[in-house]
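Each residue of the sequence shown is one higher than the last, beginning at 145 in my numbering. The C-beta atom is built at its ideal place from N, Cα and C for all residues, glycine as well. Quick caveat: nothing in here was measured; it's all calculated off a predicted structure. Below is one structure; the comments refer to it alone.
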Amino acid sequence: MKPISELIKQKPWLGWLIFLGTIVIVFLLGLIASSIIERRAEAVFAYTPMVEHEKWEPRLEVWGKNFPRQYETYMQTADTTFVSKYNGARKIDMLAKAPEMVILWAGYPFSKEYNQGRGHMWAIEDVQNILRTGSPMTPTDGPMPGTCWACKGPDVPRMMKNIGIAEFYSSTFAQMGPEVVNPIGCADCHDSETMALQITRPGLIEAFQRQGKDVSKSTHQELRSLVCAQCHVEYYFKGEGKYLTFPWDKGFTMESMEAYYDEIAFADWTHSLSRAPMIKAQHPDYELFRFGVHYDRGVSCADCHMPYKSQGGVKFTNHHIQSPLNNVANTCAVCHREDAEKLIANVYQRQDALQETRSLLEVTLAKAHIEAKFAWDKGASEKQMKNVLKLIRGAQWRWDYVAASHGSSFHAPFESARVIGLGLEKAQEARIEITRVLASMGYADVVPMPDISTKAKAQEYIGLDMKKLNSEKNEFLDTIIPQWLKQAMEREATYPTKNI
Ligand code: HEC
Ligand code: HEC
Ligand code: HEC
Ligand code: HEC
Numbered sequence: 145m146k147p148i149s150e151l152i153k154q155k156p157w158l159g160w161l162i163f164l165g166t167i168v169i170v171f172l173l174g175l176i177a178s179s180i181i182e183r184r185a186e187a188v189f190a191y192t193p194m195v196e197h198e199k200w201e202p203r204l205e206v207w208g209k210n211f212p213r214q215y216e217t218y219m220q221t222a223d224t225t226f227v228s229k230y231n232g233a234r235k236i237d238m239l240a241k242a243p244e245m246v247i248l249w250a251g252y253p254f255s256k257e258y259n260q261g262r263g264h265m266w267a268i269e270d271v272q273n274i275l276r277t278g279s280p281m282t283p284t285d286g287p288m289p290g291t292c293w294a295c296k297g298p299d300v301p302r303m304m305k306n307i308g309i310a311e312f313y314s315s316t317f318a319q320m321g322p323e324v325v326n327p328i329g330c331a332d333c334h335d336s337e338t339m340a341l342q343i344t345r346p347g348l349i350e351a352f353q354r355q356g357k358d359v360s361k362s363t364h365q366e367l368r369s370l371v372c373a374q375c376h377v378e379y380y381f382k383g384e385g386k387y388l389t390f391p392w393d394k395g396f397t398m399e400s401m402e403a404y405y406d407e408i409a410f411a412d413w414t415h416s417l418s419r420a421p422m423i424k425a426q427h428p429d430y431e432l433f434r435f436g437v438h439y440d441r442g443v444s445c446a447d448c449h450m451p452y453k454s455q456g457g458v459k460f461t462n463h464h465i466q467s468p469l470n471n472v473a474n475t476c477a478v479c480h481r482e483d484a485e486k487l488i489a490n491v492y493q494r495q496d497a498l499q500e501t502r503s504l505l506e507v508t509l510a511k512a513h514i515e516a517k518f519a520w521d522k523g524a525s526e527k528q529m530k531n532v533l534k535l536i537r538g539a540q541w542r543w544d545y546v547a548a549s550h551g552s553s554f555h556a557p558f559e560s561a562r563v564i565g566l567g568l569e570k571a572q573e574a575r576i577e578i579t580r581v582l583a584s585m586g587y588a589d590v591v592p593m594p595d596i597s598t599k600a601k602a603q604e605y606i607g608l609d610m611k612k613l614n615s616e617k618n619e620f621l622d623t624i625i626p627q628w629l630k631q632a633m634e635r636e637a638t639y640p641t642k643n644i
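See below:
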């Protein structure tokens, strides 16, 4: 065959044909590319607005009219059927599973009821139902402050705009009851005009400010974790105004938060058996996650808990926030080649290992509290017990730091194991010290242990009247909650929402 240049020399029209042909092909390719880009942009931004609503509209179903895919998948967080080895979407009665926890929280509301959480759609109902929030029959009844609602839904930023942040926190739980009725939703994470991710919780913004950082300058990938860090973090209620504060000023390690609390001599409560000044760890999910390899490699919470989903050629974010083990193909398997069975086994292996030492710490700590009480009853002095109480405080902080973060044995297995290991050492030290104190008073026997083999027995031992607590709660649920919901519905009916 002749070279193309010679062919063109013989037949010049052929050159023109190739030239024009190339132009047409390039033009068509351009059209395809632009259509693909446009479609992708459409998938994210272009939607047919069906409704116009206020910036702080708290109702998920109103936003849902504009974004049906995200709304429908988000509603699936109400599904409680999925069960994994330790977690899943159902409510788990943790005190029944490990009655030692009743002892660990003696004198604190957690000893009444503590459940492993379920999906976001349950947030309001669960906080109303739980015995910890008591049964306030009037707006000024305690025991809980408004702060308790802070991580429960988009009515919170709405009310903070209305009445002020400090005022929200220093109100009572019951005063905010008729206001906070919509579970965690769209306005908690999104700007209603641009749909961009936004941080709505002052606690996170202020914690960053004190570290000299501006949370609004975070990268897009950082925001895909930081929206979760508004709630899935360690925090405490600061001072009389119960101002929600993240103890991050000294850093993100377990030790730096303990140092923060020690410096201000903070205690959530005094333990009713051991009399130790205790710290209740909340759920340092984000903080512990920062010590895992996935955080190190730039993986975000949303990558595993909110994977992409395709439906009718449209790719969008699956808002069914849940255990990734219920959807391994679209979560882990996006990055890992192994089959689902193996990946799940990897998770369980880490969880089993941590559970083993964590349970050991639970049992050891419960014994330490009971033995400390025995020493007090025998007449031990404040001076003799000082070091014991310090050790118990430190040991339980370490236990709770990991126990309260349900995902940490997978998110950061080594850091979690390190913290539990340090807790075990302190709990054993405390028990040795108590033995010394008892010996100095002439008691050399083993301290007798009560029967705490079930939740009911443990609760009876620490003096809780569960019958009374439950009947008060039932009355509150039957009379007050319907009033709160009625008030809320009447208020919401006046919002200027417009169908278009
Ligand atoms: C406004 C506060 C808030 C925000 C923001 C938030 N969560 Fe939650 N999350 C909660 C609360 C409260 C619960 C427990 C609800 C219950 O048990 O009633 C929960 C429960 C969960 C659960 C357990 C659900 C199950 O089915 O096992 C997972 C997983 C979870 N959240 C992940 C996330 C992720 C990932 C993000 C960020 C994309 C996030 N959350 C953002 C407050 C929040
Ligand atoms: C806990 C935080 C959180 C809540 C609550 C939430 N979203 Fe999202 N949403 C996200 C994240 C994270 C993304 C992914 C954003 C990204 O990577 O750009 C997202 C993305 C979106 C997008 C962009 C398109 C897409 O699918 O990626 C829309 C639209 C959206 N959400 C609508 C909603 C609506 C409607 C609700 C309420 C029913 C809602 N979201 C509730 C965190 C949340
Ligand atoms: C967005 C990508 C991404 C996703 C999604 C992801 N991983 Fe990973 N994973 C990584 C990277 C990167 C590493 C670091 C190891 C490496 O660089 O090869 C890693 C490491 C690991 C390791 C070894 C480190 C350790 O913790 O011991 C395990 C096990 C693992 N992943 C399991 C999972 C499972 C299970 C899931 C789903 C729940 C998952 N991964 C989801 C990217 C991902
Ligand atoms: C690499 C994947 C991955 C990333 C990234 C990740 N998680 Fe998880 N998460 C898991 C796995 C796996 C579990 C264990 C689920 C189980 O046991 O069913 C889990 C468990 C949880 C749980 C407890 C779930 C339950 O059923 O009670 C919460 C809450 C949670 N993660 C929140 C977060 C938050 C917040 C972030 C970001 C700070 C995050 N996760 C980042 C994989 C991930």
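Would you kindly work out how many angstroms separate the C-alpha atoms of residue i and residue j, rounded to a whole number?
| i | j | result |
| --- | --- | --- |
| SER315 | ASN462 | 36 Å |
| LEU568 | SER503 | 10 Å |
| ARG213 | ALA574 | 54 Å |
| ASP447 | THR475 | 7 Å |
| GLU257 | PRO289 | 18 Å |
| LYS630 | GLU269 | 15 Å |
| ILE408 | ALA351 | 17 Å |
| VAL478 | VAL472 | 9 Å |
| ALA187 | GLN455 | Note on ALA187: pLDDT 49, under 50, position unreliable in the model; the coordinate value appears next. Cα-Cα distance, rounded: 11 Å. |
| GLN466 | ARG345 | 22 Å |
| CYS372 | TYR218 | 15 Å |
| ALA524 | TYR405 | 27 Å |
| SER149 | LEU161 | 14 Å |
| ASN643 | GLU196 | 6 Å |
| GLN319 | ILE625 | 12 Å |
| GLU634 | TRP541 | 44 Å |
Is residue i near ligand 1, with its Cβ less than 7 Å from a heavy atom?
| i | result |
| --- | --- |
| SER467 | yes |
| LYS296 | yes |
| ASP496 | no |
| ARG262 | yes |
Please indicate yes or no: does the CB of residue i lie closer than 7 Å to some heavy atom of ligand 4?
| i | result |
| --- | --- |
| TYR647 | Since the displayed the chain opens at 145 and closes at 644, residue 647 lies outside it and no answer follows. |
| HIS550 | yes |
| HIS555 | yes |
| ALA561 | no |
Quick check on DSSP: helix, strand or coil for residue i?
| i | result |
| --- | --- |
| PHE518 | helix |
| GLU196 | strand |
| VAL246 | helix |
| LEU608 | coil |
| PRO557 | helix |
| GLN631 | helix |
| PHE163 | helix |
| HIS546 | For the sequence presented, residue 546 should be read as Val rather than His. Looking at VAL546 - three-state DSSP - the assignment turns out to be helix. |
| ILE236 | strand |
| TYR191 | coil |
| MET339 | coil |
| VAL458 | strand |
| TYR587 | coil |
| ASN643 | strand |
| HIS646 | It is not possible to answer for residue 646, since the shown part of the chain is limited to 145 through 644. |
I'd like to confirm something about residue i: is its beta-carbon nearer than 7 Å to some heavy atom of ligand 2, or not?
| i | result |
| --- | --- |
| HIS427 | no |
| TYR258 | no |
| ARG302 | no |
| VAL371 | yes |
Please find out if some non-hydrogen atom of ligand 3 comes closer than 7 Å to the beta-carbon of residue i.
| i | result |
| --- | --- |
| ASP483 | no |
| CYS292 | no |
| LEU432 | no |
| ASN490 | yes |
| VAL478 | yes |
Of all the options the options, which has the alpha carbon lying nearest to the alpha carbon of residue i?
| i | options | result |
| --- | --- | --- |
| VAL443 | SER584, THR363, ILE169, ILE488 | THR363 |
| VAL324 | THR338, ARG537, GLU337, ASN306 | ASN306 |
| LEU645 | MET265, LEU275, THR225, ALA267 | The requested residue 645 is not part of the displayed model; the chain covers only 145 to 644. |
| TYR587 | GLU636, PHE518, LYS617 | PHE518 |
| HIS438 | PRO421, ALA425, SER369, GLU399 | SER369 |
Can at least three beta-carbon pairs, one atom from the region 320-334 and one from the region 198-206, be found at a separation below 8 Å? In short, these stretches touch, since the Cβ pair count reaches three.
For the region 588-607 against the region 285-302, do three or more pairs of beta-carbon atoms, one drawn from each stretch, fall closer than 8 Å, so that the two count as touching? Using a C-beta cut-off of 8 Å, the region 588-607 makes no contact with the region 285-302, since fewer than three inter-stretch Cβ pairs fall below that distance.
Within 8 Å, do at least three Cβ pairs link the region 525-544 to the region 413-422? At 8 Å Cβ cutoff, the stretches touch.
For the region 430-440 and the region 365-379, state whether three or more C-beta atom pairs, one from each stretch, are separated by less than 8 Å. Segments in contact, yes.
Three or more C-beta pairs under 8 Å: does that hold for the region 385-394 against the region 347-365? Enough Cβ pairs lie closer than 8 Å, so yes.
Inter-stretch contact (C-beta, 8 Å, three-pair minimum) for the region 601-619 and the region 243-262: Result yes; three or more Cβ-Cβ pairs closer than 8 Å.
Assess, as a yes-or-no matter, whether the region 516-523 is touched by the region 540-556 under the definition of 3 or more beta carbon pairs within less than 8 Å. Output reads no: the region 516-523 does not touch the region 540-556.
Taking 8 Å as the cut-off, does the region 573-591 touch the region 216-231 (at least 3 CB pairs, one atom from each stretch)? In short, these stretches do not touch, since the Cβ pair count stays below three.
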